[in-house]
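Here the structure comes first, spelled out in C-alpha cells, and everything after it is commentary.
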Amino acid sequence: MIHFDEMACLLYLEGQLEPARAREMALHVQECADCRTLLHALERESHVLSAALTEDNEAMPARILSPRSWGVPSWVWTLAFGVFAFGAYWLWVESVDPWLQQLSNAGFGGTNFVSMLLFSGAFWEGWSYLINVLQVVAVVLVGVAAVGLLRRRFRRPTAIAAMMSMMALALAVALPQRAAATEIRRDESVLVPAGEVVHSDLIATGASVRVEGTVEGDLIAFTGTLIVTGHVTGDIIAFAGQLRMEGTVDGNIRVISHTASVDGTVAKNVAFIGDTFDLTERGQLGGSLITIASDGDLDGKIHRDLLGLISRTSLDGAVGGEMWVRGKSLRIGSSGEIDGRATFRGTRKPVIAAGAKLAMPLNVETQGETQRFLVSGLRLLVNEIVGFGMALLLGVLLVTVLPGFFRATLRETGRIGVPIGIGALALVIGVFVLVLGVLLILVGVGAGVAGVLAYAPILYIAQIFVGAWLGNRILGEASNTTGSIVGRMAFGLMILHAAGIIPFLGGLIWLTVGLWGTGAVLLGFYEMSRAEEIVALPAYQDSN
Amino acid sequence: MDVRRHPEGVSPADQASELDLISQARAGNAEAWGELYRRYAPAIFRFCRRAMHTREDAEDATMDIFIKVRQKLSQFDSSRPFSAWLYTVAANHCWDLLRRRKGRQDLETGEIENMPLEHPDPGQLEQLIEKSTSQEVRRALDQLPSRARMALVLRYYADMSYDDVAATLGVRRAFVGVVLLRARHQLREILGGRGVVAGGAS
Chain A
290 MIHFDEMACL LYLEGQLEPA RAREMALHVQ ECADCRTLLH ALERESHVLS
340 AALTEDNEAM PARILSPRSW GVPSWVWTLA FGVFAFGAYW LWVESVDPWL
390 QQLSNAGFGG TNFVSMLLFS GAFWEGWSYL INVLQVVAVV LVGVAAVGLL
440 RRRFRRPTAI AAMMSMMALA LAVALPQRAA ATEIRRDESV LVPAGEVVHS
490 DLIATGASVR VEGTVEGDLI AFTGTLIVTG HVTGDIIAFA GQLRMEGTVD
540 GNIRVISHTA SVDGTVAKNV AFIGDTFDLT ERGQLGGSLI TIASDGDLDG
590 KIHRDLLGLI SRTSLDGAVG GEMWVRGKSL RIGSSGEIDG RATFRGTRKP
640 VIAAGAKLAM PLNVETQGET QRFLVSGLRL LVNEIVGFGM ALLLGVLLVT
690 VLPGFFRATL RETGRIGVPI GIGALALVIG VFVLVLGVLL ILVGVGAGVA
740 GVLAYAPILY IAQIFVGAWL GNRILGEASN TTGSIVGRMA FGLMILHAAG
790 IIPFLGGLIW LTVGLWGTGA VLLGFYEMSR AEEIVALPAY QDSN
Chain B
4 MDVRRHPEGV SPADQASELD LISQARAGNA EAWGELYRRY APAIFRFCRR
54 AMHTREDAED ATMDIFIKVR QKLSQFDSSR PFSAWLYTVA ANHCWDLLRR
104 RKGRQDLETG EIENMPLEHP DPGQLEQLIE KSTSQEVRRA LDQLPSRARM
154 ALVLRYYADM SYDDVAATLG VRRAFVGVVL LRARHQLREI LGGRGVVAGG
204 AS
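In order, the protein sequences belong to chains A and B.
Its first residue numbered 290, the first sequence is counted upward by one per residue in the numbering used here.
Its first residue numbered 4, the second sequence is counted upward by one per residue in the numbering used here.
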C-alpha cells in the first residue's frame, strides 16, 4: 500500500489539499491504520500548539492594560526641548562667547559678532545672514532627529535616555565651575562705602544703589538710581532709572535705564537701551558702544565701534573703530574723530564741523536709491529661491519622518484664527524672554541667542504648514500619498515665497505666516502629546 | 474560534457595535478608540509575547502596533474582520522587527528548507505530544528560529490563512506548508531532546 507523506497529511488537515487528492486521502485513511494514526497525531499536535500558544500563563503588564501615554510621552518632548535650550545656552556661554571674546581681545575683527547679529541683524541688512544661519540650524536639527528615528537599532526610549544622560552629564561637569558665590543686598538704599571690598558678585536692589568701594565680580542692580564711583571688576548689569558711572569697570556695562552717563572708564563694551546716553569728556570705553536711545551725547573716547539706533547723535569725542548709526540727525563737532569707516542712515543730512577728523568720508545712506534697490532685489530673489528649496526639503523630511505630527499640525493650521492667536501670544512671550535674557538679568546675550536658536526651528517650519494648507486649499485636499502631500506643499510654499518678495506686503505676509504656523506647530505638539494619551483605562477585564 | 483571540466573534450584536466603534474611532473619538484598544490589546500583546524574544520587546511592539493601527485606521476595509486586519498589522510589525534585529543569522536558508524531512513514527509522535505540557511547548517555541516560530504563531495563534502567512513571511504560498511542517519537526526535536521519546527518528 502506498502511504501519503506527512506533508500531504498536514495539508489535508488544514484543508489545503486539492479536492481530488483530499477525496483520495479520505478513502485511503479509512483502510490504512498507519496514516490514520499519523493524521490523528498531527491533529493532536495542532491542538497542543494552539493551546500552548493561547494559554494565559503570564499576567498582562500594567503598561498594556492602562497605557498612560503612547510612544514618547509629552514630558519627554518638553524636557528635551528645555535641555536643548539650556545646552545651547551653556555651549554659548562656555565656549562660543569666550572664544569670540578672546578673538576680539586679540584684536581680530573690530566688530563684536553678537552686536552684528543683534543690531545690523535686527535692521533688515543682516537678516539674510541670520536667516541662512537659522536655516542651516533647522535642517541640522531635523536631520539629527531623523537619524535618531531611523536608527531603529536602539529602541527609542533607550536612544532618548542616552541623549538626555549625555546632556545631563555635560551640564553636571560644566555647572559647578560657574556657580560662583553671590552676595545679595536689599535695602532702601544700598551703599558699598569706600574701602569696602565685596569678594563676589553683588546683587543689589533698593531705591538707590551706590558703590564707592570695590566689587570683585559682577554688579547686578535693580534700582532707581545707580551711582558707581568705585571699582567693579566684572560687569555691571542694571535695570535702573538712572545710571551714573564715575569709577572704573573692568568688564561690560549692560543697562536699561532712562538716562546713563559714563564719566569714568569701562574696559569693555557698553550696551544701553534708554532715553539719553551721555559719555562725558573723561569717559573712556575700551570696547564698543551699542545703543538704542533717543539722544546720544558722545564727548569721550570709544576705542572700538559705535553701533547705534539714535535719534539725535552728537559726537564731539573719538571713535577708534567704525561707526554705524541710524537715526534722524547726526552732528559731528570740531573735536570729533572717527578712525574707521563711518556710516549714517538717516532722514536728515548730517552736520560735520570743519575741524572733525574722519579717516574716511562719511558714508551717508538715504532711502530710495534705485540702484541699491535693484541689487538688493536680486539678492532677495536668490534668497527666496534658496529659502523655498530648503523649506521644501524640510517639509519632505517632516512628512516622512513624523507623519503623525505633520497631519496633526496641518489640521491645526486649518483652524486659522486659533493658531494665529497662539502664535502671537508665543511671539509676545518670546520677545519678552528675549529682552529679559539679553539685557536684563545675569545671563546676558547668551540666553537671548540660545532662545532664538530654540525658537527659530519652530518659526522656520511654520511656513511649511501654512504652505501645505494653502496648497490643499487651492488644489484640493491631498490624498494620503506622500507625493500628493509634498506636491501641494511645494505649490503653497512657492506662492508664499513669491508673495514674500513684494515690498512691505511681503513682510506682512511673512509675519502672518510666522504667527500662524508657529501657533499651529505648538498646537500640533500639544495635539500629539494629547492624542497619544489614552484616557486612563480601567483595569482589563476579560469581558468575553 | 477562540474567543480570547477573536473577541469580536462572540455575537452579531457585538460585531455591529464594533463596526460602530471603528467608525467613531476613525472620526477621532478617543473613547471609542479606547474601547477598541481595551478589547484587543491583551490578544495583541499575547501575540507579540509569542512572536518576540523578550517581554519588553513584546510590550514595546504592542504599543507601536496600536499607534500604527490608529494611524492606519482609515485604511481598514470594514468588510473584513477587524481582528484579522489587526493581526496582519501586528504580524508585519513583529516580523519586520525580528528580521531587522536578527539579520540573517537564524533565518534558515532555502537550502535547508529543501532537505527532505524524515517521516515520523506516528506512535512515537503521539506519545511525544501526550507527554509534553503547554509550558514545555512554549519553552521549546522560544528556542525555534524566528521564521519557524513566527509561522507557527501566525497559523496556530492568529488563525491566519496560508495566503496571509505567505504574504507576511514573504514566501510563496506553496511553501507555507513546508515551513510549518519543518517548524513542527524542529519543535519535536527540541521536545524530544528534553528526555521525552525521540520523535523525529523512525
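Cβ coordinates follow ideal geometry from the N, Cα and C atoms, glycine included.
- In this structure the segment 324 to 341 of chain A touches the segment 125 to 143 of chain B; the number of beta carbon pairs closer than 8 Å is three or more.
- Selection A:D586, A:K617, A:L299 evaluated against V608 (chain A) yields A:D586 as nearest (Cα-Cα).
- L699 (chain A) and F754 (chain A) have their C-alpha atoms roughly 6 Å apart.
- Distance from the CA of L804 (chain A) to the CA of S603 (chain A), rounded to the nearest whole angstrom, comes to 39 Å.
- Spatial neighbours of R175 (chain B) in its own chain (CB-CB distance under 8 Å, excluding positions within 5 residues in sequence) are listed in chain order as A169.
- D524 (chain A) sits in coil when the DSSP states are folded into three classes, being neither helix nor strand.
- Rounded to the nearest angstrom, the gap between the Cα atoms of N761 (chain A) and A779 (chain A) is 11 Å.
- CA-to-CA, the gap between E21 (chain B) and A680 (chain A) works out to about 43 Å.
- Residue pairing by DSSP puts V538 (chain A) in a beta bridge opposite A:V521, A:V555.
- Against chain A, a Cβ distance below 7 Å from G180 (chain B) picks out M296, L299, L300, Q305.
- Beyond the five residues adjoining it in sequence on each side, K646 (chain A) comes within less than 6 Å, by CB distance, of E626 in the same chain, given in chain order.
- Taking C-beta atoms as the reference points, G597 (chain A) and S624 (chain A) fail to come closer than 8 Å.
- Exposed is the label assigned to A351 (chain A), since fewer than 16 other Cβ atoms lie within 10 Å of its Cβ.
- Against chain A, the beta carbon of T65 (chain B) has neighbours under 8 Å at I353, listed in chain order.
- Per the DSSP secondary-structure output, A582 (chain A) pairs in a beta bridge with A:I599.
- Taking 4 residues as the shortest admissible run, the segment 80 to 110 of chain B contains the following complete alpha helix (DSSP H) segments, listed from N- to C-terminal end: 85 to 105.
- Assigned with DSSP and collapsed to three states, E334 (chain A) falls in helix.
- In summary, F293 (chain A) is buried, with 16 or more beta-carbon neighbours lying within 10 Å of its beta-carbon over all protein chains present.
- Nearest to R571 (chain A) by C-alpha distance, out of A:F561, A:T554, A:L578, is A:T554.
- Counting along the chain, L39 (chain B) sits inside the alpha helix (DSSP H) bounded by residues 33 to 54.
- In this structure the segment 138 to 156 of chain B does not touch the segment 74 to 88 of chain B; the number of beta carbon pairs closer than 8 Å is below three.
- Judged by DSSP in its simplified three-state form, F561 (chain A) adopts strand.
- Among the residues facing chain A, F48 (chain B) is included, as its CB has a counterpart in that chain under 8 Å away.
- For the pair L89 (chain B) and I47 (chain B), the CB atoms are nearer than the 8 Å cut-off.
- Exclusion of the five residues before and after G519 (chain A) leaves V500, E501, G502, T503, G536 as the residues of its chain whose Cβ lies within less than 6 Å of its Cβ.
- Under the three-state reduction of DSSP output, I627 (chain A) falls in the strand class.
- L155 (chain B) and C324 (chain A) have their C-alpha atoms some 23 Å from each other.
- At least 8 Å separates the beta-carbon of T494 (chain A) from that of G506 (chain A).
- Between E344 (chain A) and chain B, the shortest Cβ-Cβ separation is below 8 Å.
- Leaving aside the five residues that flank D584 (chain A) on each side, the residues in its chain whose CB is nearer than 6 Å to its CB run, in chain order, T565, R601.
- Chain-order list of chain B residues neighbouring V337 (chain A): I132, S135, V140, by C-beta distance under 7 Å.
- DSSP places K617 (chain A) in the coil class of the three-state scheme, outside both helix and strand.
- Check the Cα spacing between V179 (chain B) and each of A:M296, A:L764, A:V688, A:G781: the tightest is with A:M296.
- Around the beta-carbon of I763 (chain A), fewer than 16 other beta-carbon atoms lie within 10 Å, marking it exposed.
- When C-alpha distances from L782 (chain A) are compared across A:V675, A:E344, A:K638, the shortest belongs to A:V675.
- An exposed status is given to A642 (chain A), since fewer than 16 other beta-carbon atoms sit within 10 Å of its beta-carbon.
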